[in-house]
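Below is one structure, written out as structure tokens; comments come after it.
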Amino acid sequence: MLKLQLFFFFLISGCSLAVAQPLVRISGVVYNEEKLPLSQVTVIVQGQAQSTVTDEQGVYTIYSKSRTFSIKYSLLGYQPQTIKFNERSGARITQQVNLVANSNELEQVNITNKKNQLSNTTTINIADIASMALVSGNFETMLKTLPGVSTNNELSAQYSVRGGNFDENLIYINDVEINRPVLIRNGQQEGLSFINSELVSKAKFSAGGFEAKYGDKLSSVLDIRYDKPDSNQTILSTSFLNTSLTAKRMFKRSFLVAGLRCKNNSSVLIKQDEKGF
Numbered sequence: 004m005l006k007l008q009l010f011f012f013f014l015i016s017g018c019s020l021a022v023a024q025p026l027v028r029i030s031g032v033v034y035n036e037e038k039l040p041l042s043q044v045t046v047i048v049q050g051q052a053q054s055t056v057t058d059e060q061g062v063y064t065i066y067s068k069s070r071t072f073s074i075k076y077s078l079l080g081y082q083p084q085t086i087k088f089n090e091r092s093g094a095r096i097t098q099q100v101n102l103v104a105n106s107n108e109l110e111q112v113n114i115t116n117k118k119n120q121l122s123n124t125t126t127i128n129i130a131d132i133a134s135m136a137l138v139s140g141n142f143e144t145m146l147k148t149l150p151g152v153s154t155n156n157e158l159s160a161q162y163s164v165r166g167g168n169f170d171e172n173l174i175y176i177n178d179v180e181i182n183r184p185v186l187i188r189n190g191q192q193e194g195l196s197f198i199n200s201e202l203v204s205k206a207k208f209s210a211g212g213f214e215a216k217y218g219d220k221l222s223s224v225l226d227i228r229y230d231k232p233d234s235n236q237t238i239l240s241t242s243f244l245n246t247s248l249t250a251k252r253m254f255k256r257s258f259l260v261a262g263l264r265c266k267n268n269s270s271v272l273i274k275q276d277e278k279g280f
């Protein structure tokens, strides 16, 4: 009885070892187009749970449990390659593989840059002007929030940049230079600024390093663009200090933008020697 048990034990063990033994051994080296070995190439026996990767020398070794099988070689940046085999049991195969790099032709790409090329130019957010509490209501008063800009006083539209004089700042409205003599400069009784904040659509400010087309002023450039309306609008704004009426009209081939402003400083200066109106 003991001999019979030992016989069945060795018989089952032998069958298990026979089943576990691989039928075909495949080894080789994977190269690129320049005959240089490729590492980290994935080698898979399709339809079987057999896979490996090549070492730094491009060498791989893998086993197949069937005589008819296919091996796939793949690596990122290279075209995958599949090779079919049909060998007898117990064979040893040496297979050298050459992978071809992917050469994908991309479509033409046109890059158009419409951003302002002036690195020292600051684009002013027009929406911030309406939310700021300004006594004078002047557009220039907002510039004091920018680096290097200082103002004469809260009621004045004058400003200096980086320690320069008040008359060293260029002001352009729709590419037309506004000379300083046009603006009234009388301190607290200065009156309205030449720039109508209700009509401004874009504003850029440069505290130096601006283009030569702006002239030879030393301190800064304020470039203002008035709005080109796309619909008819009428805007009325009123406060204790300022009242403004803005009208924007569209025609077939043209448009009209007009503004009416009134400023009264009496509520601010009524207790002082100067009484503005």
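When you line the sequence shown up against my numbering, it's residues 4 to 280, in that order.
Think of the CB as a built atom: it goes at the ideal place given N, C-alpha and C, for glycine as much as any other residue.
Rounded to the nearest angstrom, what separates residue i and residue j at their Cα positions?
i       : j       : result
Val-203 : Ile-127 : 11 angstroms
Val-185 : Ser-223 : Note that Val-185 scores 49 on pLDDT, short of 50, meaning its location in the model is unreliable; the coordinates nonetheless yield the value given after this. Spanning the two alpha carbons is a distance of roughly 18 angstroms.
Lys-266 : Arg-228 : 23 angstroms
Ala-250 : Phe-169 : 32 angstroms
Thr-57  : Thr-71  : 23 angstroms
Gln-60  : Pro-150 : 60 angstroms
Lys-298 : Glu-171 : Limits of the chain in this structure are 4 at one end and 280 at the other, which puts residue 298 out of reach.
Gln-49  : Glu-90  : 16 angstroms
Leu-195 : Asn-141 : 7 angstroms
Ser-106 : Thr-115 : 27 angstroms
Leu-161 : Val-260 : The amino acid at residue 161 is misidentified as Leu; the sequence shows Gln. Approximately 26 angstroms, taken between the alpha carbons.
Phe-254 : Gly-167 : 44 angstroms
Ser-163 : Gln-111 : 48 angstroms
Glu-214 : Thr-237 : 36 angstroms
Thr-154 : Arg-256 : 41 angstroms
Ser-19  : Ser-69  : Confidence at Ser-19 is low in this model, with a pLDDT of 45, below 50, so the placement of that residue should be treated as unreliable; the coordinate-derived value is given next. Going from the Cα of Ser-19 to the Cα of Ser-69 covers about 16 angstroms.
Ile-181 : Glu-143 : 13 angstroms
Phe-88  : Asn-113 : 48 angstroms
Leu-221 : Asn-156 : 22 angstroms
Thr-241 : Ile-129 : 19 angstroms
Ser-134 : Asn-123 : 25 angstroms
Assuming contact is defined by CB atoms lying nearer than 8 angstroms, are residue i and residue j in contact in what I supplied?
i       : j       : result
Leu-102 : Tyr-81  : yes
Leu-248 : Leu-263 : yes
Ile-47  : Lys-75  : yes
Pro-232 : Phe-258 : yes
Tyr-63  : Val-33  : yes
Asn-268 : Leu-173 : no
Thr-148 : Phe-208 : no
Gly-211 : Arg-252 : no
Gln-84  : Ser-67  : no
Identify which residue in the options has its Cα closest to the Cα of residue i.
i       : options                              : result
Arg-95  : Val-152, Gly-31, Asp-131 and Ile-86  : Gly-31
Asn-54  : Ser-73, Ser-240 and Glu-37           : The amino acid at residue 54 is misidentified as Asn; the sequence shows Ser. Checked all of Ser-73, Ser-240 and Glu-37; the closest Cα to Ser-54 is Ser-73.
Pro-40  : Gln-84, Ile-86 and Gln-99            : Gln-99
Glu-37  : Ala-52, Ala-206, Gly-167 and Ala-104 : Ala-104
Thr-45  : Lys-68, Leu-79 and Asn-35            : Leu-79
Ser-42  : Ser-77, Met-135, Asn-156 and Thr-144 : Ser-77
Thr-97  : Gln-236, Asn-123 and Ile-65          : Ile-65
Thr-246 : Asp-230, Ser-69, Gly-218 and Glu-201 : Glu-201
Tyr-175 : Thr-154, Asn-199 and Gln-51          : Asn-199
Ile-132 : Leu-221, Lys-205 and Gly-218         : Lys-205
Asp-230 : Asn-156, Asn-177, Ile-86 and Leu-221 : Asn-177
Who are residue i's beta bridge partners in DSSP?
i       : result
Gly-262 : Thr-249
Ile-129 : Beta-bridge pairing links Ile-129 to no other residue.
Asn-101 : Tyr-34
Tyr-66  : Arg-28
Phe-72  : Phe-88
Leu-173 : Val-224
Glu-180 : Tyr-175
Val-44  : Looking at the DSSP assignment, Val-44 forms no beta bridge with any residue, so it has no partner.
Is residue i buried or exposed, if buried means 16 or more other CB atoms sit within 10 Å of its CB?
i       : result
Leu-146 : buried
Leu-239 : exposed
Val-179 : exposed
Asp-285 : Any property of residue 285 remains undetermined from this structure, which presents the chain solely from 4 to 280.
Ser-234 : exposed
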